[in-house]
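Contents: one structure, followed by commentary.
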Amino acid sequence: MSPQVAGVLQLTALIAALALAYRPLGDHMAKVYSSEKHYAPEKWIYKVIGADPAAEMRWPAYLRGVLAFSAVSVLFLYLLQRMQGSLPGSLGFSSIDPDQAFNTAASFVANTNWQSYSGEQAMGHVVQTGGLAVQNFLSAAVGMAVAVALVRGFARSRTGELGNFWADLVRGTVRILLPISVIGAIVLVACGAIQNFSGIHQVGQFMGGTQEWNGGAVASQEAIKELGTNGGGYFNANSAHPFENPNPLSNLFEIFLILLIPFALTRTFGRMVGSLRQGYAILGTMAVIWIGFTALMMWTEFAHRGPAFEIAGGAMEGKETRFGIAGSSIFAVATTLTSTGAVNSFHSSYTGFGGGITMLGMQLGEIAPGGVGSGLYGMLIMAVIAVFLAGLMVGRTPEYLGKKIGIRQIKLAACYILVTPALVLGFTAVAMALPTPADSMTNSGAHGFSEILYAYTSGANNNGSAFAGLNADTPWFNTTIGIAMLLGRFLPMVFVLALAGSLAEQKPVPETAGTLRTDKPLYAGLLVGTILIITGLTYFPALALGPLAEGLAS
Numbered sequence: 011m012s013p014q015v016a017g018v019l020q021l022t023a024l025i026a027a028l029a030l031a032y033r034p035l036g037d038h039m040a041k042v043y044s045s046e047k048h049y050a051p052e053k054w055i056y057k058v059i060g061a062d063p064a065a066e067m068r069w070p071a072y073l074r075g076v077l078a079f080s081a082v083s084v085l086f087l088y089l090l091q092r093m094q095g096s097l098p099g100s101l102g103f104s105s106i107d108p109d110q111a112f113n114t115a116a117s118f119v120a121n122t123n124w125q126s127y128s129g130e131q132a133m134g135h136v137v138q139t140g141g142l143a144v145q146n147f148l149s150a151a152v153g154m155a156v157a158v159a160l161v162r163g164f165a166r167s168r169t170g171e172l173g174n175f176w177a178d179l180v181r182g183t184v185r186i187l188l189p190i191s192v193i194g195a196i197v198l199v200a201c202g203a204i205q206n207f208s209g210i211h212q213v214g215q216f217m218g219g220t221q222e223w224n225g226g227a228v229a230s231q232e233a234i235k236e237l238g239t240n241g242g243g244y245f246n247a248n249s250a251h252p253f254e255n256p257n258p259l260s261n262l263f264e265i266f267l268i269l270l271i272p273f274a275l276t277r278t279f280g281r282m283v284g285s286l287r288q289g290y291a292i293l294g295t296m297a298v299i300w301i302g303f304t305a306l307m308m309w310t311e312f313a314h315r316g317p318a319f320e321i322a323g324g325a326m327e328g329k330e331t332r333f334g335i336a337g338s339s340i341f342a343v344a345t346t347l348t349s350t351g352a353v354n355s356f357h358s359s360y361t362g363f364g365g366g367i368t369m370l371g372m373q374l375g376e377i378a379p380g381g382v383g384s385g386l387y388g389m390l391i392m393a394v395i396a397v398f399l400a401g402l403m404v405g406r407t408p409e410y411l412g413k414k415i416g417i418r419q420i421k422l423a424a425c426y427i428l429v430t431p432a433l434v435l436g437f438t439a440v441a442m443a444l445p446t447p448a449d450s451m452t453n454s455g456a457h458g459f460s461e462i463l464y465a466y467t468s469g470a471n472n473n474g475s476a477f478a479g480l481n482a483d484t485p486w487f488n489t490t491i492g493i494a495m496l497l498g499r500f501l502p503m504v505f506v507l508a509l510a511g512s513l514a515e516q517k518p519v520p521e522t523a524g525t526l527r528t529d530k531p532l533y534a535g536l537l538v539g540t541i542l543i544i545t546g547l548t549y550f551p552a553l554a555l556g557p558l559a560e561g562l563a564s
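Take 11 as the starting number for the sequence shown in this note's numbering and just add one per residue.
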């Protein structure tokens, strides 16, 4: 069997598995976020934090809940790292330096999981399991809560109430993320991932020195790392490490976990707004972009010409032989079209165009299918932009799901799509202009520029993957990427929740013969075009200086 055929079979199996899980999981999540019942463990949590789960919140109160909870989470994780040297289970590691502790705390709370350190050489069991793994659950639950609040904005009318943040946070964690993660961890252990709390032990000699490994609760963290589209690995090699991702079966299962909730949330959306066809339209848009990017990546990595590539059967540099080009390409696209950032290969070693595809996937806004929660609300923002453009073309006030898209709504949507590019391009420009940050680049020229552009693209889009050539463990990059992660995560949420509140206050507009049908393939095509055009106009000059220049020169 040729590697190309094997890749197609892997992709087919993945699509089939996602299709089987789509309906039951989507319906389950709709019930979770629509239920008025509270389980006993949830009631205990509400009592501890002093929250009333039955109290409805308007968008400013909902936003205050999101920001307050996230601020406390950043502070807790920062202090945990700073005290690591005094904690049990630290494996002898010292406390984390202030700039790196800030960067890591911001990273995991922002659902980015950017890592400027080697996990097995810096973090003990307490920080890994009690800090980082916990934030993998909570940051994902926050994203889902904000997405559900926006969906309620479309579904409700004549009220500014969007639900209760604390109830959404707890339910998302207890009823959705925890059960699936437990099952996922068991599957990964069965595949060969490790799950223990062993210390550091020597495993042999390597090039004149000793080689040491430490164990950890890897399988459980790996499950939520992928399911919650987090991406931070227990080991520096991330999902290329055999303790995290042992074989092709575990590799395909991890890709499945990455895509599971973001795709299924489109059915949750359809259920909650009362039209499954609307959910299918969003699903179709996401699927077209994802399949298109995957096919393009596989073609780029398999077809690249040159004697070394032909002997290896494609561009194998930086890829694990147990996954091959197909398994690596599917994983790379899945992790950069979502906000996951996990890697089973090194994107810096991809062909020029291949590296550009991973970068472009993040620059789309990671909406196909995107992160847990963030993918859905990002795509719904683009849907609002698309109906606005359609309204301009026909001279009619745009409507989406029975809600008028007026000046206030389009301003909020415009602010949303401008925040991330401003962070990415602004920080990249400053870093390239200053003398010190450029010293962190391993390469010069177009590839070196791509290293810095990729770093800020990854940070501001809450992805967390790296181009693998940049030394980001410096005060400059730890601080600026940390700021980019926090602003890239929480500023868009401000506009999302404000938009949700304005939509929930509206009176529904009855559908007429002139209403644009947003549940048809024609609209899905318009939405795909809108996404590609906006992204192209925003990022093409920067991409031309980096991956496009490198690809055309090779």
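No residue lacks a Cβ here, since even glycine has one placed at the ideal position from N, Cα and C.
Since we're looking at a predicted model, the values are computed, not measured.
Pick helix, strand or coil for residue i, following the three-state DSSP scheme.
i, result
"E311", "helix"
"W486", "helix"
"H38", "helix"
"Y387", "helix"
"E376", "coil"
"T467", "helix"
"K421", "helix"
"F459", "helix"
"K47", "coil"
"S104", "coil"
"R527", "coil"
"L444", "coil"
"A132", "coil"
"D62", "coil"
"S126", "coil"
"I395", "helix"
"Q20", "helix"
"P13", "helix"
"S475", "coil"
"V506", "helix"
"M93", "coil"
Which one of the options has the shortest CA to CA distance from residue i?
i, options, result
"P258", "A132, L433, N146, L21", "L21"
"G495", "M39, A116, L24, P98", "Sequence inspection shows Met at residue 495; the Gly mentioned does not correspond to that position. Taking only the C-alpha atoms, the option nearest M495 is A116."
"G561", "F363, V353, L536", "F363"
"K517", "S454, G238, T169, L480", "T169"
"V184", "G242, A274, G163, P51", "P51"
"T467", "A200, V429, A424, R277", "V429"
"L275", "A291, E264, L262, F263", "A291"
"F398", "A476, T540, G289, S454", "T540"
"Y533", "T295, L267, R68", "T295"
"P557", "G455, A177, P447, L160", "G455"
"F500", "A470, S512, E521", "A470"
"S126", "I299, T528, N481", "N481"
"G226", "H211, N240, L237, G238", "H211"
"T239", "Q231, R406, L537", "Q231"
"M372", "G383, T348, E264, T548", "T348"
"Y426", "A439, A61, M503", "M503"
"G405", "A297, L444, K329, G524", "G524"
Within the continuous alpha helix (DSSP H) that includes residue i, where are the two ends?
i, result
"S117", "108 to 119"
"V519", "Run containing V519: none; DSSP gives neither H nor E here."
"A247", "Per DSSP, A247 belongs to no alpha helix (DSSP H) and is neither H nor E."
"I268", "258 to 283"
"Y549", "531 to 555"
"W54", "50 to 59"
"L611", "Because the chain here runs from 11 to 564, residue 611 falls outside it and cannot be looked at."
"A157", "143 to 165"
"V197", "188 to 201"
"L347", "334 to 347"
Going by DSSP, which residues form a beta bridge with residue i?
i, result
"M451", "L480"
"R68", "E171"
"Y410", "K413"
"S355", "K329"
"I210", "N224"
Could you round the C-beta distance between residue i and residue j to whole angstroms and report it? I think they count as a contact, below 8 Å.
i, j, result
"L101", "H48", "With 8 Å as the limit, L101 and H48 do not qualify as a contact, their Cβ atoms being about 39 Å apart."
"N121", "S149", "4 Å"
"A250", "V353", "7 Å"
"G202", "P256", "3 Å"
"M451", "G416", "Actually they do not touch by this definition, with Cβ atoms about 46 Å apart."
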